[in-house]
Amino acid sequence: MTSVTPEGIEAILFDADEISKAVARLAGAIARDYATDPSVLLVGVLKGALFFTADLARALPPSLDPRIDFLAVTSYGNASRSSGEVRLLKDMSESIEGKHVLIVEDIVDNGLTLSYLQDLLGRRHPASLRSCVLLDKPYRRRVDAKVDYTGLVCPDTFVVGYGLDYQEKYRNLPYLAKLEPWVFAGEVE
Ligand code: 5GP
């Protein structure tokens, strides 16, 4: 089967193999740290961390008895730049009081989303609260959100694929890619 690169993709930054190695590395570190506190609750942040949460959960040893929940936030709307205002779109379906909670996020850029989630979930009295991020873009941090597990450090560019979108497109790509500049041409400053 031949794979066709969709229109607008300039370059692949991390292919499926690099992503799966990063996920395996993260799962190894998480398994070691939670070995004595089994039953970690993975809280995936929709929609971007959809595939990452699923792959991470499957890479963890069954002895960890991982549970999965999701919440949804927005800060980008349909643009490639953050509005700077984070909003909760969908809350989790269970209480996290007394649980070992691991926030599973696709990417941390200015840090506002992760810091918002850490405040929100921290106020709900979990037994512990850590964060695992697939991609780190450390160039434009505005707040110092603590990241406990980082998969890959990403160039300072807007990325799509493996769950990450631009205007709801490209989420299904099995790799992480950079977009061609003309894709953003219609955005207003
Ligand atoms: P932050 O609040 O740290 O700036 O950004 C976190 C959120 O912004 C991520 O969960 C993601 O939804 C979105 N985001 C940040 N950088 C990118 C990017 O390069 N590509 C995509 N598709 N989303 C991004």
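Residue numbers (the numbering used here): 341 to 529.
Idealized CB from N, CA, C, for every residue including glycine.
- In this structure, DSSP gives V363 a helical state, which the three-state scheme calls helix.
- The beta carbons of L519 and G501 sit no closer together than 7 Å.
- For R407, same chain residues with a beta-carbon under 6 Å away, outside a window of 5 residues either side, are L381 in chain order.
- Annotation note: the segment 423 to 492 contains the following uninterrupted beta strand (DSSP E) runs of length 3 or greater, listed N- to C-terminal: 427 to 430, 440 to 448 and 468 to 476.
- T414: member of the beta strand (DSSP E) spanning R407 to T414, first to last residue.
- In the pairwise beta carbon analysis, the segment 393 to 409 is classified as not touching the segment 447 to 457: fewer than three pairs are separated by under 8 Å.
- In the DSSP assignment, F392 falls within the unbroken alpha helix (DSSP H) covering L390 to A399.
- Secondary structure at V523: helix, using DSSP grouped into helix, strand and coil.
- Exposed is the label assigned to S403, since fewer than 16 other Cβ atoms lie within 10 Å of its Cβ.
- Closest in alpha carbon position to G491, among T345, K361 and L400, is K361.
- In its chain, beyond the 5 residues on either side, A517 have a beta carbon closer than 6 Å to the beta carbon of I349.
- By the neighbour-count definition (other C-beta atoms within 10 Å, threshold 16), E445 is a buried residue.
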